[in-house]
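*Asks:* Take this structure first; my questions come after.
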Amino acid sequence: GNSVTQMEGPVTLSEEAFLTINCTYTATGYPSLFWYVQYPGEGLQLLLKATKADDKGSNKGFEATYRKETTSFHLEKGSVQVSDSAVYFCALSDLPNDYKLSFGAGTTVTVRA
Amino acid sequence: DTGVSQDPRHKITKRGQNVTFRCDPISEHNRLYWYRQTLGQGPEFLTYFQNEAQLEKSRLLSDRFSAERPKGSFSTLEIQRTEQGDSAMYLCASSSPGENSPLHFGNGTRLTVT
């Protein structure tokens, strides 16, 4: 079955530091890959997605590239801000708009001023 | 866009009691999903509706759980004879059928079974 493994947290960074959160997946076929973010006190929201190999999703300065050869979808941001403090979830689904998602356990990121 | 609304936000109940949660999706969304999230884990898919039809149920959804969406608008999730292992955050989400339509999550209902 489908599964997602993401880097364990918590991660604590200083403002303007580089952020990477590793995500690898196991799936049959060609899944779509997602990063969701949960800010304190808010619901999960889609950060970015990629639906086929070599696609790059990007949003709010975050990027992730769908790497089929390494079954990975690592999240990166070049210069984090305090407002990026949140829990980040990697997820996959079998189809681009099928939201029967398999989520990773989440990575808590705290950015200090 | 008023967002996905869930009620109640918190529910504390004694083991063996029945509980019911409500989800109001974004009005034009025909797809509705329920997920469960336990502490330190990502959400797990429970069930999915397209309009009023329940199209898929996870193995996680034991026969004590039942979900309905009678008119294709709001949905309810009922848990009968609650157990301590049912303690979790129950998340509702909705989406429209458009190709690039994102999934919108509510803030969840936190259930504590004592």
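The listed protein sequences correspond, in order, to chains Z and Y. 1 is the number of the first residue of the first sequence in the working numbering; add one for each residue after it. 1001 is the number of the first residue of the second sequence in the working numbering; add one for each residue after it. We treat Cβ as the ideally placed atom computed from N, Cα and C, and that holds for glycine. A quick note: this is a predicted structure, and the numbers were derived from the prediction, not measured.
(1) Go through its chain and collect everything with a Cβ distance to residue 106 of chain Z's Cβ below 6 Å, but skip five positions before and after it.
(2) Closer than 7 Å by beta-carbon distance: list the chain Y residues that pair up with residue 105 of chain Z, in chain order.
(3) According to DSSP, is residue 1016 of chain Y part of a helix, a strand, or is it coil?
(4) Got a sec, what are the start and stop residues for the beta strand (DSSP E) residue 84 of chain Z sits in?
(5) Quick test of your reading: residue 1111 of chain Y and residue 1093 of chain Y, contact by CB under 8 Å. State the CB separation rounded to the nearest angstrom.
(6) Rounded to a whole number of angstroms, what is the C-alpha to C-alpha distance between residue 1095 of chain Y and residue 1101 of chain Y?
(7) Kindly indicate if chain Z contains any beta-carbon less than 8 Å away from that of residue 1033 of chain Y.
(8) I'd like to confirm the pairing. Which residues does DSSP put opposite residue 59 of chain Z in its beta bridges?
(9) For residue 1032 of chain Y and residue 56 of chain Z, I'd like the C-alpha separation in whole angstroms.
*Replies:* With the structure as the only source:
(1) Excluding residues within five positions, the ones whose Cβ falls inside 6 Å are 87 and 89.
(2) Here the neighbours are 1040, 1041 and 1042.
(3) Residue 1016 of chain Y: coil per DSSP, three-state reduction.
(4) DSSP places residue 84 of chain Z outside any beta strand (DSSP E), giving it a letter other than H or E.
(5) So it is not a contact: roughly 17 Å between Cβ atoms.
(6) One C-alpha to the other measures close to 6 Å.
(7) Chain Z, which has a Cβ nearer than 8 Å to the Cβ of residue 1033 of chain Y, makes this yes.
(8) Its beta-bridge partners are Z:62.
(9) Roughly 28 Å between the two C-alpha positions.
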